[in-house]
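One structure below.
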Amino acid sequence: MVSTTGSVEGEPPFELDESLPGNKRKRRRNRNNNAKKDRKKTATRDLEFETTISNIPVLSSTNVFAKLKKLDLFPEISKEVNEKQLSMVEESGTDVNQQAGKQLSVIGPRDPTEEETTTARKYIQDNFITRSHGHVKVFNSKTSEIISMVEFLQIPHLESQQKEDFEFVCEFIHSCKQFIIPHYGTCNTIDDQNGFDNVTSMIGWSQDTTQLVILEKYLNKEAIEEHSQTYQELKISSTKAAKILWDFYTTFANVACENTRKEMINSASLSTTTASLSFPMSTDVDTEERINDLLPLTFAMIIPITKSTGKIASEVDSLDIPQLVFPDLNLTFTLQPNTVPILILRDRQYSHRLINSSSSSSTAGLGADDFSRLAICIRPPLPSQLLTN
Numbered sequence: 001m002v003s004t005t006g007s008v009e010g011e012p013p014f015e016l017d018e019s020l021p022g023n024k025r026k027r028r029r030n031r032n033n034n035a036k037k038d039r040k041k042t043a044t045r046d047l048e049f050e051t052t053i054s055n056i057p058v059l060s061s062t063n064v065f066a067k068l069k070k071l072d073l074f075p076e077i078s079k080e081v082n083e084k085q086l087s088m089v090e091e092s093g094t095d096v097n098q099q100a101g102k103q104l105s106v107i108g109p110r111d112p113t114e115e116e117t118t119t120a121r122k123y124i125q126d127n128f129i130t131r132s133h134g135h136v137k138v139f140n141s142k143t144s145e146i147i148s149m150v151e152f153l154q155i156p157h158l159e160s161q162q163k164e165d166f167e168f169v170c171e172f173i174h175s176c177k178q179f180i181i182p183h184y185g186t187c188n189t190i191d192d193q194n195g196f197d198n199v200t201s202m203i204g205w206s207q208d209t210t211q212l213v214i215l216e217k218y219l220n221k222e223a224i225e226e227h228s229q230t231y232q233e234l235k236i237s238s239t240k241a242a243k244i245l246w247d248f249y250t251t252f253a254n255v256a257c258e259n260t261r262k263e264m265i266n267s268a269s270l271s272t273t274t275a276s277l278s279f280p281m282s283t284d285v286d287t288e289e290r291i292n293d294l295l296p297l298t299f300a301m302i303i304p305i306t307k308s309t310g311k312i313a314s315e316v317d318s319l320d321i322p323q324l325v326f327p328d329l330n331l332t333f334t335l336q337p338n339t340v341p342i343l344i345l346r347d348r349q350y351s352h353r354l355i356n357s358s359s360s361s362s363t364a365g366l367g368a369d370d371f372s373r374l375a376i377c378i379r380p381p382l383p384s385q386l387l388t389n
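In the UniProt record's numbering, the protein residues as written are 1 to 389.
Now the structure itself:
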């Protein structure tokens with residue numbers, strides 16, 4: 001009998017029975033080696049989770065191990081952007097390598113047509129891993145890096161305090177609209193086409209991250225003067241709304257939350273830029289040129305609401321079911337009705353996109369024109385986005 005010690009420290013030795021035929025010994029050796037590799041990967045993932053996401057164990061979770069491979073769901077849009085970018089660079093007579101990144105932000109991709117969206121949804125349905133319930137952790141299968149974590153909370157099963165907190169935040173954000181310049185804050189400017197309330201892009205954080213504030217350029221000063229008492233009450237309630245968001249983040253991922261908050265406070269001390277609550281509807285990341293992995297993760301919650309009241313839209317049968325798609329990972333999160341997904345993700349390192357079922361979708365049991373989703377995000381600005389004080 002020959003005893004061989006495993007490569008992971010502290011593992012008991014395993015034995016190879018020399019009396020077995022050669023092929024069987026080889027298969028057993030391979031099984032043992034694979035088992036050791038699996039245990040080592042598990043230990044690496046556990047350490048990554050504990051040091052990056054949370055040091056509180058998750059009792060029940062589904063793991064997804066995703067392979068990274070670039071995929072363009074809307075190639076015609078990318079082609080158009082590249083052609084316009086090249087044309088602008090040629091007209092300016094400037095080197096392509098110097099101008100390409102700058103021109104992209106000026107041009108911007110168009111929205112997909114309904115036909116393009118339908119084609120993309122069909123491809124996703126046939127080829128992607130789909131998750132829509134429970135608690136899910138997504139890892140890079142090669143590096144063991146955690147990419148995202150999501151918990152789908154069922155509105156009918158929310159604890160009373162949870163629902164009360166969600167309602168408070170939603171109503172606070174809805175109340176901010178009366179103090180936003182009408183050009184930005186009226187219902188006509190809400191992003192109805194994509195089914196998401198755009199008001200979060202006009203609300204941000206105080207420098208110490210203890211309050212939510214309407215960003216300066218969107219403030220309706222006439223409305224503030226006319227309803228000064230209401231505005232003062234709103235400012236007071238902003239402290240509670242901010243605390244609720246941080247409490248949700250801390251409970252979900254305490255280590256990630258601490259890192260994010262430190263980064264936001266540090267950014268505020270160096271800049272006049274304030275991070276908004278807006279969720280990035282799409283990012284396109286070059287897999288060969290990913291941004292620094294040490295950046296804090298993005299936290300978000302997506303709440304179904306009625307636009308007229310700002311309250312949670314419960315017991316709704318929506319025919320429009322958006323998907324949060326990670327094309328380079330062949331993965332999608334389905335945003336079911338009556339569900340509040342809470343998630344963290346590396347949105348600056350991995351491409352993602354929110355895709356609706358169609359532009360003509362409707363909602364049963366609630367007027368389609370009154371149904372929306374409120375995507376609230378905690379996300380520090382990039383160093384390149386900071387404006388020096």
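The beta carbon of each residue, even a glycine, is placed where N, CA and C say it ideally should be. Note that the structure is predicted; figures quoted are calculated from it, not measured.
*With burial defined as no fewer than 16 other Cβ atoms inside 10 Å of the residue's Cβ, what is the status of H35: buried or exposed?*
Sequence check: residue 35 is Ala here, not His. So A35 counts as exposed.
*Regarding R39 and the ligand MG, is the C-beta to nearest heavy atom distance less than 7 angstroms?*
By its list of ligands, the structure shown contains no ligand whatsoever, and the ligand MG lies outside what it can speak to.
*Rounded to the nearest angstrom, how far is the Cβ of I305 from that of L374, given a contact under 8 angstroms?*
Yes, they are in contact, since the Cβ atoms of I305 and L374 sit about 5 angstroms apart, within 8 angstroms.
*If I'm right that I203 touches L215 with Cβ under 8 angstroms, what's the distance once you round it to whole angstroms?*
Confirmed, about 7 angstroms.
*Anyone know if the C-beta pair for S201 and H135 falls short of 8 angstroms?*
The beta carbons of S201 and H135 sit no closer together than 8 angstroms.
*Could you tell me whether the Cβ atoms of I77 and P109 are closer together than 8 angstroms?*
Closer than 8 angstroms, so yes.
*Any idea what DSSP makes of A253, helix, strand or coil?*
In the structure shown, A253 sits in coil (DSSP, three-state: anything other than H, G, I, E or B).
*DSSP three-state assignment for H133, whether helix, strand or coil*: Residue state, collapsed to three classes: coil.
*Under three-state DSSP, which class holds P304?*
Assignment of P304 by DSSP, reduced to helix, strand and coil, places it in the strand class.
*Which whole-angstrom value describes the C-beta separation of T334 and T130, a residue pair presumed to lie in contact below a C-beta threshold of 8 angstroms?*
Contact check for T334 and T130: beta-carbon distance about 6 angstroms, within the 8 angstroms limit, so the pair qualifies.
*Any idea what DSSP makes of T274, helix, strand or coil?*
Correct three-state label for T274: coil.
*What separation, rounded to the nearest whole angstrom, lies between the Cα atoms of S314 and Q162?*
Approximately 14 angstroms, taken between the alpha carbons.
_Straight-line gap, D165 to F279 (C-alpha atoms, nearest Å)_ = Computed Cα separation, rounded: 20 angstroms.
*In angstroms with no decimal places, state the Cα-to-Cα distance between V58 and T332.*
Between V58 and T332, the alpha-carbon positions lie close to 21 angstroms from each other.
*asked:* Let me make sure I understand the geometry here. Which of K70, E80, C170 has the alpha-carbon closest to that of S308?
replied: The residue with the shortest Cα to Cα distance from S308 is C170.
*Which of helix, strand or coil does DSSP assign to N188?*
At N188, the pLDDT of 40 sits below 50, so the modelled position is not reliable and the matter cannot be decided from this model.
*Determine the extent of the alpha helix (DSSP H) in which R121 is found, giving its start and end residues.*
DSSP places R121 inside the alpha helix (DSSP H), whose first and last residues are 114 to 127.
*Roughly how many whole angstroms lie between the Cα atoms of T90 and S238?*
Residue identity differs from the one stated: residue 90 is Glu in this sequence, not Thr. For the pair E90 and S238, the Cα-to-Cα distance works out to about 49 angstroms.
_Cβ neighbours of S282 in the same chain (closer than 7 angstroms, five flanking residues each side left out)_ = So the list reads H352, R353, L354, once near-sequence residues are dropped.
*Name the residue from I303, P380, K142 whose alpha carbon lies nearest to the alpha carbon of L345.*
The shortest CA-to-CA distance from L345 to any of I303, P380, K142 is the one to P380.
*If we ignore side chains and look at the alpha-carbon of each, how far apart do D328 and E116 end up?*
Each residue's Cα considered, the two are about 18 angstroms apart.
_Whole-angstrom C-beta distance between T52 and A256, which should lie under 8 angstroms_ = Rounded, the Cβ-Cβ distance is 6 angstroms, consistent with contact.
*Within this structure, are the beta carbons of S132 and Q336 separated by less than 8 angstroms?*
Between S132 and Q336, the gap from beta carbon to beta carbon is short of 8 angstroms.
_Quick check: what's the CA-CA separation for D126 versus F326?_
Note on geometry: alpha-carbon atoms of D126 and F326 lie some 15 angstroms from one another.
*Quick one: what does DSSP say P341 is sitting in, helix, strand or coil?*
P341 falls in the strand class under three-state DSSP.
*Three-state secondary structure (DSSP) at residue 392?*
Residue 392 lies beyond the range of the chain shown here (1 to 389); nothing can be said about it.
*Nearest-angstrom Cα distance between residue 460 and K41?*
Outside the modelled stretch of the chain, which goes from 1 to 389, sits residue 460, for which no answer is possible.
*Can you name the start and end residues of the alpha helix (DSSP H) that L86 belongs to?*
Unbroken alpha helix (DSSP H) run through L86: 75 to 92.
*With DSSP run on the structure shown, which of helix, strand or coil describes E159?*
Coil at E159, not helix or strand.
*Can you give the beta carbon distance from T339 to F152, rounded, assuming they're within the 8 angstroms contact cut?*
Taking the Cβ atoms as the reference, T339 lies roughly 5 angstroms from F152, within the contact range of under 8 angstroms.
*DSSP-derived helix/strand/coil call for A313*: Of the three classes helix, strand and coil, the one that applies to A313 here is coil, per DSSP.
*asked:* Taking 8 angstroms as the threshold (C-beta atoms), are I378 and Y249 in contact?
replied: Contact check for Y249 against I378 passes: the beta carbons are separated by less than 8 angstroms.
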